[in-house]
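Protein chains: 2
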Amino acid sequence: MDYTRMYSLPNDITLADYLFHRLNQFKIHTVFGLPGEFNMPLIDKLLTIPDLKWAGNANELNAAYAADGYARIKGIGCLLTTFGVGELSSINGIAGSYAEHVGVLHIIGMPPSSIQTSQLLLHHTLGNGDYTVFHRIASELACYSTVLNDTDYLTKEIDLSIVKAWTLQRPVYLGIPMNFISYPIKSNLLNKDLDFTLESNNEISQDDVIELILKNIYRCKKPVIVVDACVTRHNIEKETEELFRRTKFPVLVTPMAKGSVDESLPEFAGVFCGSISSPQVREVLDSVDLLLVIGCTLPEFTTSSFHFSYKSKHCIFIFSDYIKYRNTTFADLNIKQLIKKLLLALDVSKIKNFQLQENNNGNIYIPNIKLNPTLLLRQEWVWNQLSHWFQDGDIIITETGTTAFGINQTKFPHNARGISQSLWGSTGYSLGACLGASFALSEIRKEQQVINNITQNVFPLFKDPPKHRVILFIGDGAFQLTVQELSTIIRWGLTPYIFIMNNHGYSGDRFLHHRSDAGYYDIPQWDYLGLLEVFGAKIYESKKIITVGDFEKMVNNPNFAIDSVLRMIEIVLPPMDVPQALMDKWRLEQEEEKKKVDHNQPMDWDSTTPGSTISTQTVNSTPSSDEQETPSPTP
Amino acid sequence: MDYTRMYSLPNDITLADYLFHRLNQFKIHTVFGLPGEFNMPLIDKLLTIPDLKWAGNANELNAAYAADGYARIKGIGCLLTTFGVGELSSINGIAGSYAEHVGVLHIIGMPPSSIQTSQLLLHHTLGNGDYTVFHRIASELACYSTVLNDTDYLTKEIDLSIVKAWTLQRPVYLGIPMNFISYPIKSNLLNKDLDFTLESNNEISQDDVIELILKNIYRCKKPVIVVDACVTRHNIEKETEELFRRTKFPVLVTPMAKGSVDESLPEFAGVFCGSISSPQVREVLDSVDLLLVIGCTLPEFTTSSFHFSYKSKHCIFIFSDYIKYRNTTFADLNIKQLIKKLLLALDVSKIKNFQLQENNNGNIYIPNIKLNPTLLLRQEWVWNQLSHWFQDGDIIITETGTTAFGINQTKFPHNARGISQSLWGSTGYSLGACLGASFALSEIRKEQQVINNITQNVFPLFKDPPKHRVILFIGDGAFQLTVQELSTIIRWGLTPYIFIMNNHGYSGDRFLHHRSDAGYYDIPQWDYLGLLEVFGAKIYESKKIITVGDFEKMVNNPNFAIDSVLRMIEIVLPPMDVPQALMDKWRLEQEEEKKKVDHNQPMDWDSTTPGSTISTQTVNSTPSSDEQETPSPTP
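Residue numbers (the numbering used here), protein chains in the order written: chain Y, 1 to 635; chain R, 1 to 635.
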């Protein structure tokens, strides 16, 4: 049935109606943001659209984080802010979406186009008559930016903005001056589907690349496939899985991509963390003669300095729209088309030299270690045990800091998905993302009840009917930056698990930076669980977990496994206890630093070396990993 | 005594030492921000400087607000953030400082200069190898921006950054790559004072302007002096006062400048709010034949559309560095030099036509209205009564929204100072500003104990020894955006009064926008006073004030007047009750809207008219101002 008939739309609708119906068509059912002078008329329109919700965030930065988290589940998210103050408050979240390839449509309610000549606006401007400065700033952080202007192109610009955000998986900036909100639009334009068709890859160039890849696949002895974040962003998880299942090559994921490969498959070999990868992963990478990276997010990935020097000359990097092999770049090749074609051409019988090695290739085993229940908790044990508590389909969100390292040592179950902002690394991101992901999942649940299989085709991220839980791990330091978004989670009755890893401050930084006792890593001690009542929560569960016994009691309770209610769990950890990977990173940087001092004395003033915050001078002692007491934080 | 001897500095210090000692010399004793990968080595250095404090804010936007609030008291503030995530998070606060002419030095700890060529950095970048994008963005919102680069100019750039922030009263962006932090500097450079000397005004041009101003002063019958924010920013409060006390001309302040004129003086005639000024102010402005605006912040001020059409052709606008009279601009004239010269040339015996009128000119009288103690509170009465509770020297901070309107109907006592972000209007600003102002005052108190009269000369903002209290009025909606900064206030044992005007959401917007019942104005209801305990406060007072009797009991308690302890007071107000000025603004916009519809039918699609968010269609009824029940908010 036509969209206009389904929603009984009149022939003439307004521009705002058109915009929001387009979002609705595209399965964007929640818009994030706060009301402000220039976006309120847009929100009024939004509220009249069936199936569209206004999240009403607590501040704009959190709203941007939420739109990003939502987009990581649904493929695209939408943020609606007001001109000036609103958009600038959100900009760090948008920069994160840009850096991490997340499709966020940022709509900005703007003063009327005519304001500069016909009327003057005082507030929310810089007071210098410059109305384009915010657009200029935003265009640095968007794959496409536009401010509606020409009445001939209004709907085209809206369509293009949605298509760009989706296909390029980056933020799009769409400014809507208030005078266009009620501009009349023919509703039947909505019956025309958006055109997401990508230009076909150039056949000759594509064949060259496929030949190159296949040649390497057929001849390699010790290959590794590394899956990076663009595999999820560009929706080629199925194709990627087919590739490594048919070749049987071991597959690693980058931290940004953790969750995009089914870790219960035998080919899964661990998380690729460069030089701080686990010993098993380092063994997989050792003397590798084909490194095939799929869905690269970073140009830096192509260089040896990405925390790890691989010796192979046969590294193939497949980005979302180009391929790099040594110094050759094959431009303008869409990754999805390319991988599909590759799978058609692949003849596994021609793989001659590769021998499946039992040791390096197989299911990751996480031991279930029993400890004395009265012991205080340690990071290492907690992360291991969490692997046993995770369930199929979990959405697992981690924060910059210790949780980003800890999560890499867990094993994700079937259909789990990871969300973390590993590259941009903005502290506090994950609480906003948790809100966004929770909204997205509640919608997917609803849609699947209603539309059943249709949704599966539209959002193939989830292969099975979902029973997803949203599980957030956030440090106490990070939580304080964005705390008010907990209130939005409460307001909407969302039911994520919020694990607050309370180690009395910024322990990740505390550990990596040489002055580990510096007062600025300490943060005020809050009654985290008390926030639930203060923010108006009525139905919730909260627990403070201090000992091994507390932890075991919690995870062994079958009711605790069901996400029927909002849960906040404070896990008390020692300030100087960090996950093993972080410990390794620190040790490594110390060694490198030492080497530098020994071999290549830096200039006197250059004691703070590039790329490292570790200074040689004041590291007193390696924190003992078997120290069991929790040091009391500096008051 | 030389600075280096006073602080027993060695001959060679580091660049970071130099920077922070310069701040210390310049009476910046608190630096705002959060630790991050690239600013931690700077914070380490900062902590070694005597008399310099690291505030340790809860997030970067709040830190920027705090630096702004601090600067509004001390003349300059300092924010220290990390590259990328940190600086972008704070950018909306910096934009506010830019718009409102506040001198904030923004220091950014950056990756080493060499990183692009010698090493690669992954996190906190956009992942595209572009390391200058954040500097490009920041330069849009700074009067001066620099990233240290040339070793010959390191100290010169630091000195210039401080001088620019102080003299231009706008943000300055100072990027410090990590490799320069320990660069050796001769400490005796610190013994050379910074050169704040301004170029002398061109005598001929200045004489022309003075002649023009005097001619108008001598001949006018009905003059008004309007004082705007740059009077405080450029430290000419004393000179301005001398001008109106000698001429006896009535003086108005703009909302941004409220507090910069002593309201107990007979010349003070009220707050200039354009078309929504009080009837008394409108009478002063009626048929005015000289409007002399001193310390203009806005070019728009010079046009008739600034909310008020004055009929006089004799409007003189004195900006910080130029003067405008009709279509003539006199460029490059420093305001302070100009006003000093004007005062020398002024001969009041030549004022011929101006007659002091008892009605228009004289002390503002605020009635002390007695009401039944069981009545619920109303905005109108609360703001009136607050005038009687204010004390000499109070720092009174208000937020965007109803408090920004309410404060204009209060009378400020002698030496009071107002802080509000009237132009930029970023919601939540005032809680950060309250933290910054509280730090500034605690320093001024300390300095005055130590240095006595010297400080008076350095910071002539306060004419008498201060016994300042910091008093914040913030709406519940705004408070939620920046709530975590309350925790920083608690952590440092600061003792402002925090009045939370709880009217169940964004009432200012709710009132001005036509859909007054829209759900998006409602916010989650918090237990605001409960936050104190949750954030770890041990010594505090909190009260919920619902009735007239509650309010009177509170303000009549003499202990309540002494700011010996942090106080949080929740004032419960009806959602649709707003200060009179806001009511007037709404009525006026309604009328204008009606006129427009009657006389000049707008295009069909342009129902949302420029400059106004009021639509003609859905205003149901004027909210009754004597309605006494508090409507329950939409759940």
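The C-beta atom is built at its ideal place from N, Cα and C for all residues, glycine as well.
Got a sec: is the Cβ-Cβ distance from residue i to anything in chain R below 8 Å?
i, result
"Y/Met6", "no"
"Y/Asn11", "no"
"Y/Ser200", "no"
"Y/Arg282", "no"
"Y/Glu591", "no"
"Y/His135", "no"
"Y/Ala518", "yes"
"Y/Pro694", "The structure shown does not extend to residue 694 of chain Y, since chain Y is modelled only from 1 through 635, so no value can be given for it."
"Y/Tyr521", "yes"
"Y/Ser442", "no"
"Y/Asp550", "no"
"Y/Asp527", "yes"
"Y/Ser320", "no"
Using the rule of at least 16 other Cβ atoms within 10 Å of the residue's Cβ for burial, across every protein chain shown, is residue i buried or exposed?
i, result
"R/Tyr528", "buried"
"R/Asn59", "buried"
"Y/Gly56", "buried"
"Y/Glu443", "buried"
"Y/Met1", "exposed"
"Y/Asn353", "exposed"
"Y/Ala16", "buried"
"R/His388", "exposed"
For the beta strand (DSSP E) that residue i lies in, which residues bound it at each end?
i, result
"R/Ile641", "Given that chain R is displayed from residue 1 to residue 635, the structure contains no residue 641 of chain R and the question cannot be resolved."
"Y/Val31", "30-33"
"Y/Thr232", "Here Y/Thr232 belongs to no beta strand (DSSP E); instead the alpha helix (DSSP H) covers 230-233."
"R/Val261", "First-last for R/Val261: undefined, no H or E at that position."
"R/Ser665", "In the structure displayed, chain R extends from 1 to 635; residue 665 of chain R sits before or after that span and is not available."
Need the endpoints of the alpha helix (DSSP H) that residue i sits in, please.
i, result
"Y/Phe319", "First-last for Y/Phe319: 315-319, but that is the beta strand (DSSP E), not the alpha helix (DSSP H)."
"Y/Lys341", "335-345"
Distance check for residue j and residue i, CA to CA, integer angstroms please.
i, j, result
"Y/His468", "Y/Phe20", "27 Å"
"R/Gln280", "R/Gly270", "8 Å"
"R/Asp584", "Y/Ile498", "47 Å"
"R/Ile162", "R/Ile489", "27 Å"
"Y/Asn408", "R/Trp526", "37 Å"
"Y/Tyr98", "R/Lys543", "45 Å"
"R/Lys186", "R/Gly477", "51 Å"
"Y/Leu573", "Y/Asp509", "15 Å"
"R/Glu239", "R/Ile339", "7 Å"
"Y/Ile660", "Y/Ile316", "This structure leaves residue 660 of chain Y out entirely; chain Y is present only between 1 and 635."
Using a Cβ-Cβ distance cut-off of 8 Å, determine whether residue i contacts chain Y.
i, result
"R/Leu531", "yes"
"R/Ser89", "yes"
"R/Glu237", "no"
"R/Val483", "yes"
"R/Glu541", "no"
"R/Ala67", "no"
Say whether chain A places a C-beta atom closer than 8 Å to the C-beta of residue i.
i, result
"R/Phe330", "The chain labelled as chain A is not found among the protein chains of the depicted structure, namely Y and R."
query = Any chance the segment 66-79 of chain Y sits against the segment 59-74 of chain R, with 3 or more Cβ pairs inside 8 Å?
reply = Cβ pair count under 8 Å is below three, so no.
task = Could you tell me whether the segment 279-297 of chain Y touches the segment 230-238 of chain Y, using the rule of 3 or more Cβ pairs below 8 Å?
result = Contact holds: three or more Cβ-Cβ distances are below 8 Å.
ask   = Is the segment 402-409 of chain R in contact with the segment 43-57 of chain R, if contact means three or more CB pairs nearer than 8 Å?
value = The segment 402-409 of chain R vs the segment 43-57 of chain R: no contact.
message = Taking contact to mean 3 or more Cβ pairs, one atom from each stretch, closer than 8 Å, check whether the segment 248-267 of chain R and the segment 315-334 of chain R are in contact.
response = Touching, no.
message = Below 8 Å, how does it come out for the segment 485-495 of chain R and the segment 413-422 of chain R: are there three or more Cβ pairs, yes or no?
response = Short answer: they don't touch.
ask   = Would you call the segment 121-131 of chain Y and the segment 422-438 of chain R in contact, with 3 or more CB pairs under 8 Å?
value = Verdict: yes, contact present.
ask   = Counting pairs of beta carbons, one from the segment 190-197 of chain Y and one from the segment 126-138 of chain Y, are three or more of them closer than 8 Å?
value = No, the segment 190-197 of chain Y does not touch the segment 126-138 of chain Y.
task = Report yes or no: do the segment 167-175 of chain R and the segment 132-147 of chain R share at least 3 C-beta pairs separated by less than 8 Å?
result = Result yes; three or more Cβ-Cβ pairs closer than 8 Å.
ask   = Are the segment 528-538 of chain Y and the segment 553-569 of chain Y in contact at 8 Å, needing three or more beta carbon pairs?
value = Taking 8 Å as the limit for Cβ pairs, the verdict is that the segment 553-569 of chain Y does touch the segment 528-538 of chain Y.
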